[in-house]
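Numbering (this note's numbering), first residue to last: 6 to 368.
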Amino acid sequence: MQYLEVKTQSQSYKVVVGRDIFERSLQEIFNGSSWDKLFLLVDENVFLHHGDLLLNSLNHFADDVQHLVVPQGESSKTVAFWESTVNFLLTNGVRRNTPLFVAGGGVAGDLGGFVAASVLRGIPLIHIPTTILAMVDSSIGGKTGINHQTGKNLIGAFYQPNMVIADTRFLTSLPRREWINGLSEILKYGAISDASIFNEASIFQAEDYRIIDQEKLISLIYKCIKIKADIVAADEFESGIRAFLNFGHTFAHAIEKACNFDTISHGEAVFLGMLAAQKLSRLTGYSLNENFLEPYKPLYQFRVNPDEVSSEEIYSYMFQDKKRTDKHLKFVLLKEWQSPAVKNVTNKEHIIEAIMLMINEMM
Ligand code: GLY
C-alpha cells in the first residue's frame, strides 16, 4: 500500500494506491468510529462485479448504507440525473457530515463529486476510482461536473475529496478498451513531465491485462498521481501550470464532439489529440526529434469512419472549448518532450494540418 498527500489551498488529502487495500483503507478513514449513515454512488458495471464487496465492507462502519447505481455513459452526467441523485440523498436524511463514497470511473466520479459539492453546500467525499483513467486523472484534483446540452462539463465546481482509494483489484473487471482509455492519460504524463513513463507504460502491451505485474502497475499509477498531485498543489484552480494537464485535450474534445461523444472514447480522442499537438508543436517551430507515442499506436482500435468527420467541423468545435479566454485558439504544445507551454496559434493552416493527421490516424 503506497500513500501520497495532495496538498491544495482548500483541502489536503491522502491518496492510497495498492492491490486489495479497500478494506484496510476504510479502517483508516473510520479509525475505530462508526456512522449512523453513509451513501455510496456506484457505477453499474462496478456494482455488478464488486457490489457485494463494497456494501459488505461499508456495512462494517455504518448502521445504514444507502446506495444508488449510476448507469454507464455520459447520459448519467446530466442535470436530470444530478437532480435525482441529490433527491436521493436529501430524502434519505443526508447531513453535513454524512460521507458520500463514489465508486466508478470518470462519469460516476465527476457526477458524485458535483453532488458532494452541491448538497448542503458540501459533504465529505471519498473517491474509489475503478478505472485507470479515474485513478491517474479524474479522481485527483477536485474537478467535478456534469454536462449541459451545449457541451461537456459546463456545470461544475472545484471540490477536493477527503480521500482517494485506488485499489487495482477493481481494474480486473474492465474491458480491454477501458485500459487503453486510461493509457492515454498515462502517456500524457510521459509527454509533459517524466520520460521514464514511456518505458514503464510498455506493460500495456500485454495480451491479457489480468496478468500485468501488479507492482509495476501500482508504481506507474503512483508516479502519475504524484505528478498530478504536484501540479494541482501548485495551481489548484488552473490559472497556470495545471493547464499542461490538457495536453492533447483541445483536439480531443473537438473530435469527441464531432463523433457525438459516441464512436470515440475520451482516451482514444486524447491519444489522437496528443499526436496532433505533437504535430502542431513541430509546425510551430519546436523540434521534437522522437515520437514516443508511436509504439503505442497499434494498441488503439478506432471505430470512427474518418469520412464522417471533417477537419473544418473539428476546427469550428475548438472555438467552443470552455478554456478559451480570447478570440485565439490556445494549445498546450511541447517545446521539447517534458517541456510543455501554452501557446496561442493563429495559423489556421497549421491547425488544419494537425487535425488532418488525427483523422488519418483513425484509419
Ligand atoms: N484532467 C485535467 C485536470 O484535472 O486538470
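Positions of the beta carbon are idealized from the N, C-alpha and C atoms, including for glycine.
Quick check on this structure: which residue in the options has the alpha carbon closest to the alpha carbon of residue i?
i	options	result
H55	I128, I151 and A108	A108
F44	G272, T103 and P166	T103
E10	K231, L138 and D142	K231
T351	L58, D331 and T90	D331
S17	D326, Y214, S89 and D235	D235
F86	Q32, F266 and V112	V112
L59	G37, I26, S89 and R182	I26
G147	A67, S62, R101 and K233	K233
D69	R215, S39 and L179	S39
G98	Q71, Q154 and K19	Q71
D312	G290, D326, Y291 and M361	M361
K348	N251, E318, G37 and Q306	N251
N36	D326, A67, R101 and D267	A67
R181	K19, Q306, E318 and R329	Q306
Measuring CB to CB, does residue i end up less than 7 Å from residue j?
i	j	result
G114	S144	yes
L46	V84	no
V21	I170	yes
V309	M367	yes
A282	V314	no
C229	V141	yes
R29	R174	no
H333	L288	no
F82	I34	Checking the sequence, you will find Lys at residue 82 rather than Phe. The answer is no: Cβ separation not under 7 Å.
G78	L138	no
I381	S316	This structure cannot settle anything about residue 381, because the visible part of the chain is limited to 6 through 368.
A200	Q343	yes
L94	V124	yes
E243	Q14	no
Q7	Y227	yes
R215	T177	yes
Pick helix, strand or coil for residue i, following the three-state DSSP scheme.
i	result
H72	strand
F336	strand
S89	helix
N152	strand
I133	strand
F119	helix
G309	Position check: residue 309 holds Val in this sequence, whereas Gly was assumed. Looking at V309 - three-state DSSP - the assignment turns out to be coil, as it is neither helix nor strand.
D235	helix
E10	strand
V350	strand
I160	strand
S38	coil
Y291	coil
D57	helix
G109	strand
G195	helix
S30	helix
I170	strand
D142	helix
S315	coil
F266	coil
E341	strand
F52	helix
Rounded C-beta distance between residue i and residue j? I'm assuming under 8 Å.
i	j	result
D48	G110	6 Å
L225	E205	5 Å
K340	A346	5 Å
K12	A238	5 Å
F163	L304	Not quite, the Cβ-Cβ distance comes to about 33 Å (not below 8 Å), so this is no contact.
L130	N167	6 Å
G127	S189	Incorrect: roughly 31 Å between the Cβ atoms, too far for contact.
T149	F106	Wrong, their Cβ atoms sit about 15 Å apart, outside the cutoff.
K284	A359	4 Å
T90	L63	So it is not a contact: roughly 17 Å between Cβ atoms.
Should residue i be flagged as near chain E, meaning a C-beta pair shorter than 7 Å?
i	result
D48	Annotation note: the requested chain E is absent from the structure, which comprises a single protein chain.
Exercise. Are at least three pairs of beta-carbons, each pair with one atom in the stretch 295-308 and one in the stretch 192-203, less than 8 Å apart?
Worked result: yes
Exercise. Does the stretch 130-138 come within contact of the stretch 152-163, defined as at least 3 CB pairs closer than 8 Å?
Worked result: no
For this session: Could you tell me whether the stretch 208-228 touches the stretch 317-335, where touching means 3 or more Cβ pairs closer than 8 Å?
Result: no
Exercise. If we count Cβ pairs, one from each stretch, closer than 8 Å, do we get three or more for the stretch 254-264 versus the stretch 274-281?
Worked result: yes
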